[in-house]
Each structure stands twice: as structure tokens, then as C-alpha cells.
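Chains as they are written, first to last, in my numbering: chain A, 145 to 484; chain B, 3 to 172; chain C, 124 to 223; chain D, 711 to 1086. A virtual CB, placed ideally from N, CA and C, is assigned to each residue, including glycine. Since the structure is predicted, the reported quantities are computational estimates derived from the model, not experimental observations. This report concerns only the one structure given below.
Written out as C-alpha cells, the structure reads:
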């Protein structure tokens, strides 16, 4: 009973809460890092060094008036933020934060579940998240959001193809779709896949930026062009949900890239005997450190790069990323067969 | 028992949303119900032990094809309701009649089935040791290689066709 | 207990809903979606038999059906878009260029 | 004007989408309103609507005496107020045939060039922000702040300076000011490199600006474009060189021109103007002569009947004043400004046709307008 129900339930609660806290603090991190990049201080007023800013933000967003435009499609307008938030959260079900460890004399795995189509599950759930953006744009019954949601649907579908094709070559390396098995494969093959599949790594990173609508691919929410894009008409908590979903997606992408390419919970050089002492650090710490690196990279990119234009974005996706992904897949296949 | 409850719940949702897809006035709502319907079909596949197919169902159907529908619905922002014009030659009654006949037949089968129950489904649906994905992949690339290649050709042709149709200047 | 008959009944019912949609609705996009429902009904059947027979062939065919559905949706929606640009309608009853 | 027809396929046609960009839009730089007719994301045509910031400065000026008008010119191009002041004062001096002391002319040159840098800072920041590079904005504002400090020290104000008097300066430069200006030049030189590092060779920046809004030299002249927008198309028209005013005939500098006339060239021209301005400031500050700061101005300014046009090179382009005096009253009979932003804005319609929505904001940025000056 405890193993069947209680522990999974506890894990879900912990992961969900940790994610939500992480997401709110991602907002602060982003503001701080960008501020430092721009020789500013960022939020400083609420709490020491602004550490309580997310709480203030949350309170502000919750007590703000929640406006529904008169001519909006009310049901869809209400559902859209939820639709974009839910996939971002349920993806965490298969992300392994660590291996199976013994805790209080009980074997506990540091992931909610390990299904044999784990990676495919992530990709497919993420592909549902696009509905949130499309429906938000459509239901607002306003022109800028409509343009944004047309942009978003085209962008997300295109980059999904590129990312999924790239992931296939990683699956080819690991020989499994299960996230835990992919990490184990990196241990058994004595190499993090970032070294075995450098192209795939870069492609997934670029595709991940585009999938999460981050700069330089943040066209659906380009404030300077579309006055905020798909969430122009949203306010209050519903706007906050979109905001949080974007950050939750960022964390998902970081976690997935960490798992697939940086060996997940494995310490650096896991097979080198001399560095065995690194195993004394809890495995999930490594996972969090690596994910954090990617989050930092995302923010850094946002502070540095200008935005792509719509046609350039599509050209990059279809004419550069997808052919490269296919090429990478073919080369991986050939090498794999030759090594066999 | 749990499986039966799951089946009836999922089946009810599938049929319910399917009815909503067909009856809803607003096309966008209809598309949304279609997505929900497909998600429940995916759940049904999981129940049948076809996890790979379930993932594909969500990825391709819900995340791909229906987005395309939504895209088209948004492009075709309608000024007048599409149902305004009525074709006198249309045989709507025939459709309902046909449906009623088949429904009657289904009822008969259901009654017959409850009287003479068939062999139950295998208790834990087929998850071979090697895993569902491997099994499907193996079949696709050995016994069904030629159909697989033909399907890929079909998709290529469809892609070109769609581009030609949607492109403004040829 | 759940038997293959249950799955077949579900599948048949879904099929019928799809058929009624095709016959009754005039919005061509909804008709296309009804066709998707029909294809899904077929898939449910295939997967149910695949589970019953303990082999993956049914699932392989379901994958082919999905591929065909994708192709159908791409071309079909392309036609709808082209037609809409021409005639500003998506009412199937007004699509009678080839009739008289 | 050449009308560029957007090609429609005979068979497939979608209806156009009309969207209203502004007057409240993040990247219209104030209260510009652009009504765009879109085909998908492509701009078929656009209509520029102005007047949301009209305060009737020209008419007001006809009811103020000559000295009071200086204050009104501040409110035109409010990011380069000193330049407007200088332009007005020089026009009246020309009308009065007044000799301005050399020291005053040198200080005017320094102030004008500082204003050019401040204005270009604001331009590079907002232009980059429009295209999505947010960091340049804050970097540029950081340096603009230094210029505002210099101005504050000189005249006490940070935005609307009222820093000029007919016949010279209101007050002499504070002690040590020249040294601070030179220090600023050293800082700024390094910082311009910093902006360029972020943008000039950035792939995305190149893709977003190269080949966008190409306009040839003759066409740009025909549309009445001026300033960097014109020089970007390869026309070496610069009032500072062609009709030198203040102390521009005594300093060395180059007129920067582009080759292709696209957004990128206009960007490069302004970036190089940063350096040229610094060069001018250096020379002027080092060579600033001693002497009086105000010429022999009559107690009651009452120019003889007549009219005059005088133009200077403001950061945005040719800023001209046309003033008619009836010789009887102590205020101008007719006062008319030729604002560079207004003339450059005329080119927008020609520039955006056939481009995408995202390019519209890039193009608005690249012609560098200030709505205070457009509407007056």
C-alpha cells in the first residue's frame, strides 16, 4: 500500500510544489541575470536583494482584476491558460531526478515513473501545449493575438519536427525510449551523449529555445511587434498562468537536455575511478546543477540576441535544422551499424 | 474490475465527445472536442497495452493533425455561418435512417453479447518482454517494410500536394 | 469483464457517429473531422484485435491508418483553403462546380 | 510616387487584414499611428496618421516675443533640445545680421554634437529594442545619462534645456566642464565599440536589417529624406559641410555615407556618426577660444522686415526654420519649421511596402523619428 500509493503520491506532491516554486523563482532569476547583464541591479525592494519579489508578484497578479473581453469566446478564453499550463507540469512525471536510492530502509526511485516510451511521452505531451497559445490567440477575438497564434502554431509544429527527428538519433544511441535507461546507457557507454552527439545537442538546444518561445525565437509574444502577442488580452492570474507555463517549459527543456545529453544525475566523468568521491554528492544535486546551467544559458541568450523574423525563423527550421537532423540521424545510424 | 471501470469511463468519454464534435455549432469548439476525443482514444490504447501507439496518437493526431485543422479554421474566419445554404438534393434523412438502423443492430449485438459472452480479453494486455515499441518497430521494419515505404511515399506526395494547393503563386 | 465485443461495439458506435457527421453536417471542416472519427474507430478495432491476438500487427496497421489520416488532412485542408480563397465558403452544399 | 503593386495570384486570394499599429504601441516611438493593410504577415500598404502630439508650436511662436520662442523649440525634438535651440537662434541672428562671438560658436558646436550623441544613443537603444536586442537599450541609456549630466552642469536642465540665447550663450561654461567633456569622449569611444560588438556582426541583426527598406539615393532625395536616412542611401548631404554654421568650418570631420540604402546602412551611418561627433567634440573642446559669449544684441529684438530660411544638421537630419518678420512687432510674423522627422516619416510608406510586420518596427526605428518634432 505504501509503495503503491503513498510514495508515488508524495513524490508527485513534492515534484509539483518544487516545480511551482522553481518556476516563480525562475522569474526572479531571469530578472536578476538580465539586470546584471545590463549593468542594473534588478528587483531590490521586496526582501533582501529582492528575494521576496516572486511572492509580491504572485499577490499582485492574484488580486488584479481578471478581465474577459466582451467579444471573446469565454470558455476557450478561460481554458487556454490552463491548457498551456497542464502539459508543462505533467511532463515531470517521467523526468528522472536521480536513480533508485534507499531512503529509511526503503527503495525509493527519484522519479515519479519510468515508462518505456518516456521520451515519446514528453514529446507528445509537449506537442499538446501548443493549443494553449493557439486558443488564447483565437479566443481573444483581437487581431494582434490572432497573428501571434498563427505564428505560434506554425513555429511550434515546425520546430517540433526538427527536435523529434534529432531526438531519434539520441534514441538510436541509447537503444531505449525510457529516460532512466537513456541515463544508464550513458553510464554504460562511458560517454555523455553531448560528446557522442554534439550536433544533436546543438539542434535540440536551438529547437528547445524555439519550442519554449524564448528569445531569439519569441515571435509569438514579441512585444515590440505584436504588443505582447497571444496574451495581449489576458490579465491577472490567467496571464500569470501563461507566464508560468513558459518558465515551466524552460525547466522541462533544461531537464530533458540534461537527461539526454549531460548524463542526468550522473556526476562528471562517472566512470573514472579517481573521481569516485563525486558520488558522495547526492545524485539529484548534479541534475539540478546541470539544469541550472541551461536555464542560465537561456536567460543569457535572451539578454544578448535580437529577434528573428517570421520567415527567417521558418527558413531556419525547415531548411537548416530539419536537414541537419536527418543527416545526423543517418550518420548515427551508419556509425552504429558499422560498430556492430 | 479496475479495467472495466476504466474502459467504460473512457468509452463514454470517447462517444460523448464524438457526439459533441459532430453537433457543436462553433467550429473551433468542435476542433477542441476532437482533441479531447483523440486524447481519450490514446488512453484507450494505453489500456490495451499499446503505449507506443498511444504516444503516436497524441503526437501525430492531437499535436499535429488537429493543429492543422485549427490553423485552417482560424484562416477561414467565417463571415456567415456555413450552414446557411441548403442543398435540396441532400439526403440528410438517409443519414439519420442509416444511423438508426446500425444503432439497432449494435443494440442487438450488445444484447446477444451479454447473453452469450465471448472470451474475455487477456487479463494483462499484451506487453511482451521486449516491450511494445520494439515489437511494433520490428514488425514495421521486417514484415511490413514495403507498406511502410509506400506510406512514406504517400506522405511525401501529400506534402507536395498540400504545398501546391496552398501556395498562392504557382 | 471486458471482451473484444465491447471494443467492437465502441468502435462501431464511434464509426456511426462519424458517418452521421459526414451525412448531416454541411461545414466541410466538420465533415473532415468526422472522417477522422471514422478512422479512429477503425484504429480502436485494430488495436483491440492486436491485444486479443497478442501480436503487434494490428498496431502496425493502426500506424498506417494514422499516416493516411495525416496525408488526407494535409491535402484535404489544402483543398479547403484553396476553395475558400476562391468562393469564400466552406459549405459543402455550395461546392457544386462539377455538377450541372 | 511609384506604386508598387503586390502580386495576387489570380486564383487564390485571401482577404486583407487591417491592423492598427499605434498610437499606443510599444514600438511606434511615441504616438505615431500606422494603419497597416496586411496580406498574411506581408504589408500591402500602410497609412501613417500623425497629429496626436500637435501643440501648435508654430502658431504659438507668432504670439511670443523672439526670446521666448527659444523655450518652445525645446519641445520639438525633445531628445535633442539644444540643437533646436541653436537652429532657432542662428536663424534669428541671420535675420538680425548679428555677429556671434567665436567662443559661443565653439560651445554651440560642442553642445550640438553632444546632443547628436545623446539622440543617437536613444536611437540605437530603441532601434535594437524594436528588433529584440534589449541589452543595447540599457547600455545606450547609461551613456546618454553622462551627457545629460554634462548638460545639467552647463544649464541646469536635463531634457528641455533652453540653453541658447539670441546672439550667444546664456552663461559661460562652468570651470572644469571642458575636461569632463573630454573624459566623456574617452568613455564613449569605448562604449560605441561595445554597442557594435553586440550588433554589427550579429547574424540575426544582419538578417533583420540587411536588404530591408532599400531606397536609392535619387528616390530618397525625391521623397525629401534627410540626415542619416538620406546619407545611408549614399547621398553626401550634410548641412554641417555644405552650409557650415557654428564652428563647423573650423573642425575636421567626415560625412559618413552608406552604399545600399537599407536599414543596415542607415544603422552603420549613425554608428560612424558617433565617432565623427566625438572627433568634432574633441577638436572643439581643445580649441575653444577665450572671449565674450554674447554678441552685440540690441535690448529690444526687433528684426527689420524680411524673411529668412536657415537650416542646421540636427541628429535626425536637416532642421530648418523659416521666419518672416514684419519689422513692426516684437514677435515673428510667420514662423515655420522644417522638421527632419516629419520629412523622413514621409518615406515610411514607401519603405514598408512589401515587407513583413516585423520589418515595420525595424523601419520606424531606422528613420529615427521623434513625434514631438513631427507634430510640433
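Between the alpha carbons of residue 461/A and residue 157/B lies a distance of about 19 Å.
For residue 455/A, the closest alpha carbon among the candidates 230/A, 296/A, 206/A, 276/A is that of 296/A. About 22 Å separates the CB atoms of residue 810/D and residue 860/D; that is not less than 8 Å, and the two are not in contact.
Excluding the 5 residues flanking it on each side, residue 184/A has no same chain C-beta neighbour closer than 6 Å. With a contact defined as Cβ atoms closer than 8 Å, residue 1075/D and residue 793/D miss out at about 20 Å. Around residue 142/C, the beta-carbon contacts reaching into chain B at under 9 Å are 97, 100, 101, 104. When secondary structure is reduced to three states using DSSP, residue 1018/D falls in the strand class. Residue 444/A and residue 236/A have their C-alpha atoms roughly 24 Å apart. The Cβ atoms of residue 43/B and residue 16/B lie closer than 8 Å to each other.
Under the three-state reduction of DSSP output, residue 410/A falls in the coil class, being neither helix nor strand. Between residue 942/D and residue 968/D, the C-beta gap is smaller than 8 Å, which places the two residues in contact.
Secondary structure of residue 252/A (DSSP, three-state): strand. With contacts defined by Cβ atoms closer than 8 Å, residue 35/B and residue 19/B form a contacting pair. Nearest C-alpha to residue 1042/D among 1049/D, 1034/D, 854/D: 1034/D. Ranked by Cα distance from residue 984/D, the options 815/D, 775/D, 806/D, 822/D are led by 822/D. Interface flag for residue 354/A against chain D is unset, since no Cβ pair is found closer than 8 Å. Rounded to whole angstroms, the separation of the alpha carbons of residue 161/A and residue 384/A is 17 Å. Within chain C, the C-beta atoms nearer than 7 Å to that of residue 51/B come from 174, in chain order. Residue 786/D has a beta carbon lying at 8 Å or more from every beta carbon in chain A.
In the pairwise beta carbon analysis, the region 345 to 353 of chain A is classified as not touching the region 416 to 426 of chain A: fewer than three pairs are separated by under 8 Å. With a 10 Å radius around the Cβ and a threshold of 16 neighbouring Cβ atoms, residue 240/A comes out buried.
Residue 29/B has a beta carbon lying at 8 Å or more from every beta carbon in chain A. Cβ neighbours of residue 423/A within its own chain (closer than 7 Å, five residues either side excluded): 411. Considering only 137/C, 131/C, 150/C, the residue with the shortest C-alpha distance to residue 212/C is 150/C. Residue burial annotation: residue 959/D is exposed, with fewer than 16 other C-beta atoms found within 10 angstroms of its C-beta.
Residue 111/B belongs to the set of residues whose beta carbon lies under 8 Å from a beta carbon in chain C.
Check the Cα spacing between residue 778/D and each of 760/D, 763/D, 787/D, 799/D: the tightest is with 799/D. Under the three-state reduction of DSSP output, residue 752/D falls in the strand class.
Spanning the alpha carbons of residue 902/D and residue 449/A requires a straight line of approximately 17 Å. About 5 Å separates the CB atoms of residue 276/A and residue 224/A; that is less than 8 Å, so the two are in contact. Buried is the label assigned to residue 974/D, since at least 16 other Cβ atoms lie within 10 Å of its Cβ. Note on geometry: alpha-carbon atoms of residue 136/C and residue 141/B lie some 30 Å from one another. In the structure shown, the three-state DSSP call for residue 290/A is helix. Residue range 4 to 25 is occupied by the alpha helix (DSSP H) that includes residue 25/B. The Cβ neighbour count for residue 409/A, taken over all protein chains shown within 10 Å, is at least 16; the residue is labelled buried. Taking one beta carbon from each stretch, the region 149 to 159 of chain A and the region 238 to 258 of chain A have 3 or more pairs nearer than 8 Å; the two touch.
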